[in-house]
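The structure under discussion appears below in the form of structure tokens.
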Amino acid sequence: MVLYTSPFPNSFLSVLHSFSWGLIFPCYWLADRLVASFVPTTYEKRQRADDPCYFHALCIIITTPIYLALLVASLPFALIGFLLWSPLQSARRPYIYSRLEDKNHANGATLLTEWKAAGNGKSFCFGSANVCLLPDSLARFNNVFNTQARAKEIGRRIRNGASRPQIKIYIDSPTNTSISAASFSSLVSPQGGDSTNRTVNAGIKRTTSMEYKGDNSGSNNSEDCREDKGGAGEPNEGEENTCIVRINGEDNGHMSDTETDPVNGQAHAGGPAEPSPEGDAEISKTPNHKQKEGDSGSLDSYSASRESLVKVRVGDGTVDQSTVNNKLLYKASIMKKTSVRKKKHTDETFDHEISAFFPANLDFLCLQEVFDKRAAEKLKEQLHHYFEYILYDVGVYSCHSCCSFKFVNSGLLFASRYPVMDAAYHCYPNGRGTDSLASKGALFLKVQVGSTPQDQRIVGYISCTHLQAIAGDTTVRCEQLDMLQDWLSEFRKSTSSSSTANPEELVAFDVICGDLNFDNCSSDDKLEQQHSLFTHYKDPCRIGPGEDKPWAIGTLLDPEGLYDEEVCSPDNLQKVLESEEGRKGYLVYPTSKNHSSSQKGRKASLKGNGRRIDYMLYTEEGLYLEWKVEVEEFSFITQLAGLTDHLPVAMRLMVSTGEDDP
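Numbering follows UniProt numbering, in which position 470 of the sequence shown is assigned residue number 470; successive positions increment by one, without gaps.
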């Protein structure tokens, strides 16, 4: 299948489309600005409350007549442009495929060779987020504004979070039971002048370069990491991008001096005698991508914050929290892995967390509500610093192939580090109300993720969708879920080049991502909760219809609180969502007949931890029979705090092939 790199089949239609849109755009922009001036966000209201001279009100009084006059003057040109633009949409292609042209940063072909080197399998990380990139006047109804600037910042944060060094901390102690059910909200730098701690901190900083800066455009390995390797001799092949620090214990409650292993380049913190077996913390850092400029945290900072760079796995032991705090150099969110004896559900086999960062080494990204074309271009430019392959401007316009007139596209965007082999889009024909004005639908993709020693392609399937949003339209959403399954089955059949007797391709995974606009706890969503989709695809956060796992939280934020100081930054939002009281204050909760989701005081009696309407689903059906797919970790991400009213989610799947490749 040929992927479409331009929206029209020839340059003449492209030029004609650009001309028609040029006639429409002034009217569109003026109308957008006029409406936006009368729909303030809570952030703007707070700023204006401190204006005793009512300067903004004066500006509205002056600019409104100007906007109206220009809008009326532009209407004839917009009408002419519309008469040209509308029929052109019948020839428009359903998406635009963009591939990174800079060969110095392209690494998709290199990633395909990793499968052979992986041996027993490989993990793949998927992310999904509703980013609310509507025209500015419409976005303000969700209490977000400045769509163009937000698009650029969202792209910057995502690629900085994904390209950061992957750091994990493992704490294994036979007597530890104190860190099990909840993660630390942050770990602070040690205070005071303890010389021993300073020595250990210097050792950690030197060997791991934990203070990751998003604006560093250097090579894959940090300068500190190179210094450590330089002193440790030549690294072994395959280890050039890995720095490891091992802290082997304590001496009477204090960290001991560091020493470096000259053989493997590892720094050890141990006493002058044999290290104590009571504690073992291992920090590993694997930078896989060049660090780019931009902040992964706040809008007005250009260095990535250091939170959520680590994950902690805790065994059965006791580690005092203050002791752990004194061991680490920086603030960090901690991946929690509940000990087996404290798990409510003993079959839980994967890590789960609320993270202030997108996962390191994010492979695939599915976005929803990227409706604004200019914002989509800005977002694409930022994401191309990390993702080589992107599909955007997905959908149809006008009356083409859909029952009703479509003013905006589907809002779907897909980004991948792996080559895209095939893609298809379908528009839901049963949209109602305001949703019928957008070409909401499903985007299906086939990606190549590797090859076997026998040169069989290893592929994966990813579906990205956005369902009907209007509350109460349960039958519409169920019909769309039916269509989603049928379209996906057709896509897999049409793109498969394998037969059972002679397989040319081996399917590694099949994942569905998107905003489904229903949750698993609301009494009004029972029909969707029992849909057959959940018999074929697994939801890592779900126990069964109407019941989520206790660690799962809602992904829909209360728009009124987006700019509160407690949640306006990724770190603050992460800390708030780690507590039950915080979730009650800033998440939208499941609705019921007797309780309103907007009445915060009544949320305590409602079921669940908020409305989880953003899903990541996977299946074991239709995959290569000798392989096994398991969830490795699941994350709720706060890195887009203040930029959207949804929490992004991420899932890492491990595809295990066994000891021998097929």
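The beta-carbon is built from N, C-alpha and C at its ideal position, and this holds for glycine as well.
The structure displayed is predicted, hence computed values, not measured ones.
Taking the alpha carbon of residue i as the point to measure from, which residue in the options has its own alpha carbon closest?
i, options, result
"residue 82", "358, 546, 625 and 406", "406"
"residue 7", "60, 35 and 397", "397"
"residue 619", "86, 508 and 48", "508"
"residue 641", "572, 16, 384 and 526", "572"
"residue 75", "26, 432, 370 and 471", "26"
"residue 558", "429, 644 and 69", "644"
"residue 428", "122, 126 and 468", "468"
"residue 20", "5, 55 and 78", "78"
"residue 436", "466, 165 and 448", "466"
"residue 357", "125, 493, 145 and 636", "636"
"residue 612", "584, 646, 580 and 627", "646"
"residue 580", "511, 63 and 550", "550"
"residue 448", "384, 24 and 111", "111"
Does residue i pass the burial test, meaning 16 or more other C-beta atoms within 10 Å, or should it be called exposed?
i, result
"residue 240", "Caution is warranted here: a pLDDT of 37 is assigned to residue 240, below 50, making its placement in the model unreliable, and no coordinate value can be reported."
"residue 22", "exposed"
"residue 454", "exposed"
"residue 129", "buried"
"residue 200", "The predicted position of residue 200 is uncertain, since its pLDDT is 33 and thus under 50; no value can be drawn from it."
"residue 670", "Because residue 670 is not part of the residues shown, which for the chain are 1 to 662, the question remains open."
"residue 18", "exposed"
"residue 482", "exposed"
"residue 708", "Missing from the structure shown is residue 708; the chain here goes from 1 to 662 and no further."
"residue 544", "exposed"
"residue 380", "buried"
"residue 15", "exposed"
"residue 140", "buried"
"residue 518", "buried"
"residue 472", "exposed"
"residue 66", "exposed"
"residue 657", "buried"
"residue 54", "exposed"
For the alpha helix (DSSP H) that contains residue i, what are its first and last residues?
i, result
"residue 549", "Here residue 549 belongs to no alpha helix (DSSP H), and DSSP marks it neither H nor E."
"residue 583", "580-586"
"residue 56", "55-88"
"residue 382", "373-383"
"residue 488", "474-495"
"residue 470", "That residue, residue 470, is in no alpha helix (DSSP H); it is neither H nor E in DSSP."
"residue 149", "147-163"
For residue i versus residue j, is the C-beta spacing smaller than 8 Å?
i, j, result
"residue 390", "residue 37", "no"
"residue 153", "residue 350", "no"
"residue 3", "residue 423", "yes"
"residue 651", "residue 630", "no"
"residue 386", "residue 159", "yes"
"residue 720", "residue 133", "Shown here, the chain extends from 1 to 662; a query on residue 720 therefore has no answer."
"residue 413", "residue 394", "yes"
"residue 577", "residue 638", "yes"
"residue 438", "residue 408", "yes"
"residue 588", "residue 610", "yes"
"residue 162", "residue 445", "no"
"residue 131", "residue 353", "no"
"residue 41", "residue 107", "no"
"residue 421", "residue 540", "no"
"residue 478", "residue 527", "yes"
"residue 492", "residue 520", "no"
"residue 685", "residue 511", "The structure shown does not extend to residue 685, since the chain is modelled only from 1 to 662, so the question has no answer here."
"residue 586", "residue 94", "no"
"residue 71", "residue 34", "yes"
Looking only at DSSP bridge pairs, what is residue i linked to?
i, result
"residue 366", "128 and 414"
"residue 434", "The partner list for residue 434 (beta bridge, DSSP) is empty, contrary to what the question assumes."
"residue 538", "618"
"residue 406", "398"
"residue 652", "125 and 633"
"residue 465", "442 and 514"
"residue 2", "DSSP output for residue 2 lists no bridge partner at all."
"residue 566", "Paired residue(s): none; residue 566 is not in a bridge."
Please tell me whether, using a cut-off of 7 Å, the distance from the CB of residue i to the nearest non-hydrogen atom of the ligand ADP is below it.
i, result
"residue 21", "No copy of the ligand ADP occurs in the structure displayed, which carries no ligand at all."
Going by DSSP, what residue range makes up the beta strand (DSSP E) through residue i?
i, result
"residue 618", "614-618"
"residue 35", "No beta strand (DSSP E) contains residue 35, which is instead part of the alpha helix (DSSP H) from 11-36."
"residue 99", "96-99"
"residue 446", "441-451"
"residue 507", "505-515"
"residue 137", "Note, residue 137: premise wrong, no beta strand (DSSP E); alpha helix (DSSP H) at 136-139."
"residue 389", "389-392"
"residue 624", "Note, residue 624: premise wrong, no beta strand (DSSP E); not H, not E."
"residue 43", "Taken as a continuous stretch (DSSP letters only), residue 43 belongs to no beta strand (DSSP E), being part of the alpha helix (DSSP H) at 42-49."
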